[in-house]
Structure formats: C-alpha cells, structure tokens
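Student:
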Amino acid sequence: MADEVDQQALRLGTVIRRMRREQGLTLKQLAARTGLSHPFLSQVERGRARARFASLDAIARGLGTTQFALFAMVADSDENPTHGTARVADGEAHTFRGDFGRFDPIELLIVDTEFRDYYSHVEEEFCYLLEGTAWLDLDGELHLLRAGDAILVPSNAKHRWKTADGKPFRQLFVKNLAPQEDS
1 MADEVDQQAL
11 RLGTVIRRMR
21 REQGLTLKQL
31 AARTGLSHPF
41 LSQVERGRAR
51 ARFASLDAIA
61 RGLGTTQFAL
71 FAMVADSDEN
81 PTHGTARVAD
91 GEAHTFRGDF
101 GRFDPIELLI
111 VDTEFRDYYS
121 HVEEEFCYLL
131 EGTAWLDLDG
141 ELHLLRAGDA
151 ILVPSNAKHR
161 WKTADGKPFR
171 QLFVKNLAPQ
181 EDS
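Using full-length UniProt numbering, the letters of the sequence shown correspond one by one to residues 1 to 183.
#1: What's the call for A60, buried or exposed, on a 16-neighbour Cβ count within 10 Å?
#2: Going by the CB atoms, is the gap between S155 and E107 shorter than 8 angstroms?
#3: Looking at the structure shown, is T65 part of a helix, part of a strand, or coil, going by DSSP?
#4: Go to V153, then tell me how far its beta strand (DSSP E) extends in each direction, as first and last residue.
#5: Out of M73, E45, G62, point me to the one whose CA is closest to Q23's CA.
#6: Going by DSSP, what residue range makes up the beta strand (DSSP E) through I131?
#7: For T26, does the three-state DSSP call read helix, strand or coil?
#8: Note the first and the last residue of the continuous beta strand (DSSP E) segment covering E141.
#9: For E45, name the three-state secondary structure that DSSP assigns.
#10: If you count every other CB in all the chains shown that lies within 10 Å of the CB of V15, and 16 or more means buried, which is it?
#11: Would you identify the three-state DSSP class for P39, choosing helix, strand or coil?
#12: Assuming H159 is part of the beta strand (DSSP E), what are its boundary residues?
#13: Output needed for A89: all residues of its chain with C-beta closer than 6 angstroms, excluding positions within five of it in sequence on either side, in chain order.
#14: Considering only C-alpha positions, which residue in the set Q171, L144, D117, L172 is nearest to H159?
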C-alpha cells in the first residue's frame with residue numbers, strides 16, 4: 001500500500017528531521033542544499049518515501065554528514081543499543097558494534113547501466129561482489145569486478161558503479177565508522 005509508513009524509513013526520516021531542525025534549517029533550505037524537492041524531503045522525513053542511495057547522499061551532505069553516519073544514528077535510536085537496521089531503496093544496511101569499533105556491512109543490488117554521480121566519504125570501504133559483474137570507476141581508473149572479487153576503496157576516493165553486462169549485480173560494502181582508539 002503506497003500510503004503505508006515503513007518503520008525503518010520512518011526512523012531514518014526522524015533522524016534527518018532532527019538533524020535538520022538542530023541546524024535551524026527549513027525543508028526549503030535543505031532542498032536548496034541538496035537539489036531535491038522539499039515535498040520529497042517531507043515525505044522522506046515522514047517515512048512515506050525511501051531515499052535512493054544518491055538522494056540519501058545528497059541529504060547527508062546537505063546536513064554536513066554522510067549517509068552511513070545517518071544509518072549509525074538510526075541504529076543508535078533503535079531499541080536494541082547493540083544492533084540496528086536501516087534500509088535504502090536499493091539495499092539494506094546493518095550496523096554492528098563492539099569493542100573493535102563500529103563496522104557497517106551494507107548489501108546493495110545495483111541496476112545502473114550508466115555511471116551516476118561520484119561518491120566520496122571519509123570512511124575506507126571494502127567492497128565484495130556477491131553476484132554479477134560490475135564496473136567501478138575509482139578516481140577515473142576503471143576496474144572490472146566479477147562475483148567473488150573484492151576491492152578496497154580508499155578514504156575520500158571518488159567512486160561510482162555500473163553494471164558491466166546490463167544485468168543487476170549484488171555487492172557487499174563494509175565500512176569502519178568508528179575505528180578503535182588506542183588507550
């Protein structure tokens with residue numbers, strides 16, 4: 001049902017709304033920062049729409065953070081403080097915590113047949129192709145990955161993905177959001 005509220009989308013929207021309000025931003029101001037419409041942002045905040053990965057990245061940047069930090073805040077607000085879940089339109093993210101820091105494995109199904117905008121973030125990212133074939137544009141250098149291949153995307157590297165054969169591919173990303181500090 002289109003009017004149904006997705007509880008995971010609602011938790012993510014609540015975090016986005018809280019951050020927006022804490023920064024004193026209106027929906028229209030955040031829309032101007034992100035290039036997204038304010039009605040769409042309102043629907044995201046109310047859990048009535050799921051932001052695709054690129055839109056979530058734009059929202060996070062507009063709020064001065066990353067999409068993965070938003071997922072971590074969702075996990076922090078969940079009832080179980082040691083495990084949380086948040087979803088994006090194309091996949092699912094699970095946050096696990098422990099004495100080793102915080103790692104976010106995220107499984108995505110990518111269907112893009114053309115390269116989209118570049119992503120860049122402060123976290124290093126381990127990528128493992130679970131199924132299919134994919135092109136990774138990593139700072140302008142193309143890498144062809146097949147199921148079973150893995151690659152490390154360095155911190156702050158510009159990168160983007162597309163299918164290599166026109167068929168969707170599944171990949172697992174693992175990020176370390178909070179490396180353990182030396183005592």
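Just so you know, even glycine gets a beta-carbon here, dropped at the ideal spot from N, CA and C.
Tutor: Checking against the coordinates, here is how it stands:
#1: Residue 60 sits at position 60 when you count from the first residue of the sequence shown. When all chains shown are included, A60 counts as buried.
#2: Taking the sequence shown and counting its residues from 1, one reaches residue 107 at position 107. Taking the sequence shown and counting its residues from 1, one reaches residue 155 at position 155. In this structure, E107 keeps its C-beta atom at 8 angstroms or more from the C-beta atom of S155.
#3: Numbered from 1 along the sequence shown, position 65 holds the residue referred to as residue 65. In the structure shown, T65 sits in coil (DSSP, three-state: anything other than H, G, I, E or B).
#4: Position 153 of the sequence shown, counted from the start, is the residue given in the question as residue 153. Residues 150-153.
#5: Taking the sequence shown and counting its residues from 1, one reaches residue 23 at position 23. Nearest neighbour of Q23 by Cα position, chosen from M73, E45, G62, turns out to be G62.
#6: In the sequence shown, residue 131 corresponds to position 131, counting from 1. The displayed chain sequence assigns Glu, not Ile, to residue 131. Per DSSP, the continuous beta strand (DSSP E) segment holding E131 begins and ends at 125-131.
#7: Reading the sequence shown from its first residue, position 26 is the one you call residue 26. For T26, the secondary structure class from DSSP, reduced to helix, strand or coil, is coil.
#8: Here the question's residue 141 lines up with position 141 in the sequence shown. Its beta strand (DSSP E) spans residues 141-146.
#9: Looking up residue 45 in the sequence shown gives position 45. The answer is helix: DSSP assigns E45 an H, G or I state.
#10: Residue mapping note: residue 15 aligns to position 15 of the sequence shown, counting from 1. V15 should be labelled buried.
#11: In the sequence shown, the residue the question calls residue 39 occupies position 39. Correct three-state label for P39: helix.
#12: Counted from its first residue, the sequence shown places residue 159 at position 159. Following the DSSP letters along the chain, one finds H159 inside the beta strand (DSSP E) bounded by residues 159-163.
#13: The residue given as residue 89 occupies position 89 in the sequence shown. Confidence at A89 is low in this model, with a pLDDT of 37, below 50, so its placement is unreliable and no value can be given for it.
#14: Your numbering for residue 159 matches position 159 in the sequence shown. Distances from the CA of H159 to each of Q171, L144, D117, L172 were compared; the closest alpha carbon is that of D117.
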